[in-house]
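Enquirer: Okay, handing you the structure first.
Given below as structure tokens:
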């Protein structure tokens, strides 16, 4: 924590912890699971000195833990602690709030690796889906079940949503199917859309 608001206020303290530039974006990437330093840097495009400083601060404050994977991987990864993972609903609400004025993407969006899983993770609330929906958006793939969002297929999908980022925006934010192809059990996709749009801040 480089600087402090020096106020005895829970909101000021929260901003002391995660209010600096790149901080919440680092948390966003780790919400989906542990990542190596190089993976974080590639996904974020963050200057390495800033990323190192944010991770060091998060470790000191108990938001992030660093651990070494066993062989054959034998590499270090960063992951959210229970305290850090408690930011997930905060990110979820903040993402919906930001979506109100973000607007749909202007055209083809070249997102970083893993952007689709992150977008679904932040947009979809907890739900009882009762099936598996696969999303094929541009060059990315992700799978959604009642257990959450997956970057590898947990099972055969009951429905497949295919299209581009603009179509995904309209589906999750506006609840409209524009420029997307849906194969399989359409009702599952509609159930997801209802859960997403119901939590959008009016």
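Residue numbers (the numbering used here): 1324 to 1525. Note that CB positions come from ideal geometry on N, CA and C, so glycine has one too.
#1: According to DSSP, simplified to helix, strand and coil, what is residue 1519?
#2: Over what stretch of residues does the alpha helix (DSSP H) that includes residue 1359 continue unbroken?
#3: Run through the DSSP bridge pairs and tell me what residue 1482 is partnered with.
#4: List the DSSP bridge partners of residue 1602.
#5: Between the alpha carbons of residue 1371 and residue 1361, how many angstroms are there, rounded?
#6: Is the CB-CB distance between residue 1469 and residue 1443 below 8 Å?
#7: Report yes if the CB atom of residue 1456 is closer than 8 Å to the CB atom of residue 1494, and no otherwise.
#8: Under the rule that 16 or more other beta-carbon atoms within 10 Å means buried, what is residue 1337, buried or exposed?
#9: Below 6 Å CB to CB, which residues in the same chain sit around residue 1415 once its five sequence neighbours on both sides are set aside?
#10: Should residue 1387 and residue 1401 be called a contact, given that it needs their Cβ atoms to be closer than 8 Å?
#11: CB-CB under 6 Å to residue 1497, same chain, minus the five flanking residues each way: which ones, in chain order?
#12: Roughly how many whole angstroms lie between the Cα atoms of residue 1452 and residue 1422?
#13: Who are the Cβ neighbours of residue 1351 in its own chain at under 8 Å, not counting the five residues just before and after it?
#14: Over what stretch of residues does the alpha helix (DSSP H) that includes residue 1466 continue unbroken?
#15: In whole angstroms, what is the alpha-carbon distance linking residue 1331 and residue 1373?
#16: Does the beta-carbon distance from residue 1518 to residue 1450 come in below 8 Å?
#17: Near residue 1399, what residues of its chain come up, given a Cβ to Cβ distance below 8 Å and the 5 sequence neighbours on each side ignored?
#18: Which residues in the same chain have their Cβ closer than 8 Å to the Cβ of residue 1364, if we skip the five residues on either side of it in sequence?
#19: Since residue 1485 and residue 1459 are thought to touch, with beta carbons under 8 Å apart, how far apart are those beta carbons, to the nearest angstrom?
Expert: For this structure:
#1: If you number the chain shown from 1, residue 1519 lands on position 196. Helix, per DSSP.
#2: Locating residue 1359 in the chain shown gives position 36, where the first residue counts as 1. Bounds of any alpha helix (DSSP H) do not take in residue 1359, whose DSSP letter is neither H nor E.
#3: Residue mapping note: residue 1482 aligns to position 159 of the chain shown, counting from 1. Residue pairing of residue 1482 in beta bridges, as defined by DSSP: 1456, 1507.
#4: With the chain running from 1324 to 1525 in the structure shown, residue 1602 is simply not present.
#5: For the purposes of this step, residue 1371 is taken as the residue at position 48 of the chain shown. For the purposes of this step, residue 1361 is taken as the residue at position 38 of the chain shown. Distance between the alpha carbons of residue 1371 and residue 1361 is about 9 Å.
#6: Position 146 of the chain shown holds residue 1469. Position 120 of the chain shown holds residue 1443. In this structure, residue 1443 does not lie closer than 8 Å to residue 1469 by Cβ.
#7: In the chain shown, the residue the question calls residue 1456 occupies position 133. In the chain shown, the residue the question calls residue 1494 occupies position 171. Residue 1494 is positioned such that its CB atom lies no closer than 8 Å to that of residue 1456.
#8: One-based indexing of the chain shown puts residue 1337 at position 14. With fewer than 16 other Cβ atoms within 10 Å, it is exposed.
#9: The residue labelled residue 1415 in the question sits at position 92 within the chain shown. Counting only Cβ-Cβ distances below 6 Å, and skipping sequence neighbours, we find 1445.
#10: In the chain shown, the residue the question calls residue 1387 occupies position 64. In the chain shown, the residue the question calls residue 1401 occupies position 78. Yes. Within cutoff.
#11: As a working note, residue 1497 is residue 174 in the chain shown. Setting aside the 5 residues that flank it on each side, residue 1497 has no residue in the same chain whose C-beta is closer than 6 Å to its C-beta.
#12: Counting from 1 along the chain shown, the entry for residue 1452 is found at position 129. Counting from 1 along the chain shown, the entry for residue 1422 is found at position 99. Cα-Cα distance, rounded: 23 Å.
#13: In the chain shown, residue 1351 corresponds to position 28, counting from 1. Cβ neighbours of residue 1351 beyond the five flanking positions: 1414, 1441, 1445.
#14: As a working note, residue 1466 is residue 143 in the chain shown. No alpha helix (DSSP H) contains residue 1466, which is instead part of the beta strand (DSSP E) from 1463-1468.
#15: Stepping through the chain shown from its first residue, residue 1331 is reached at position 8. Stepping through the chain shown from its first residue, residue 1373 is reached at position 50. In this model, residue 1331 and residue 1373 are separated by some 27 Å (Cα to Cα).
#16: Translated into positions along the chain shown, residue 1518 becomes position 195. Translated into positions along the chain shown, residue 1450 becomes position 127. Result yes, Cβ atoms of residue 1518 and residue 1450 sit closer than 8 Å.
#17: As a first step, residue 1399 is located in the chain shown; it is residue number 76 there, counting from the start. Correct list, in chain order: 1359, 1360, 1389, 1390, 1391, 1392.
#18: Taking the chain shown and counting its residues from 1, one reaches residue 1364 at position 41. These residues qualify, in order along the chain: 1371, 1374.
#19: For the purposes of this step, residue 1485 is taken as residue 162 along the chain shown, with counting starting at 1. For the purposes of this step, residue 1459 is taken as residue 136 along the chain shown, with counting starting at 1. Contact flag correct, Cβ pair sits at about 4 Å.
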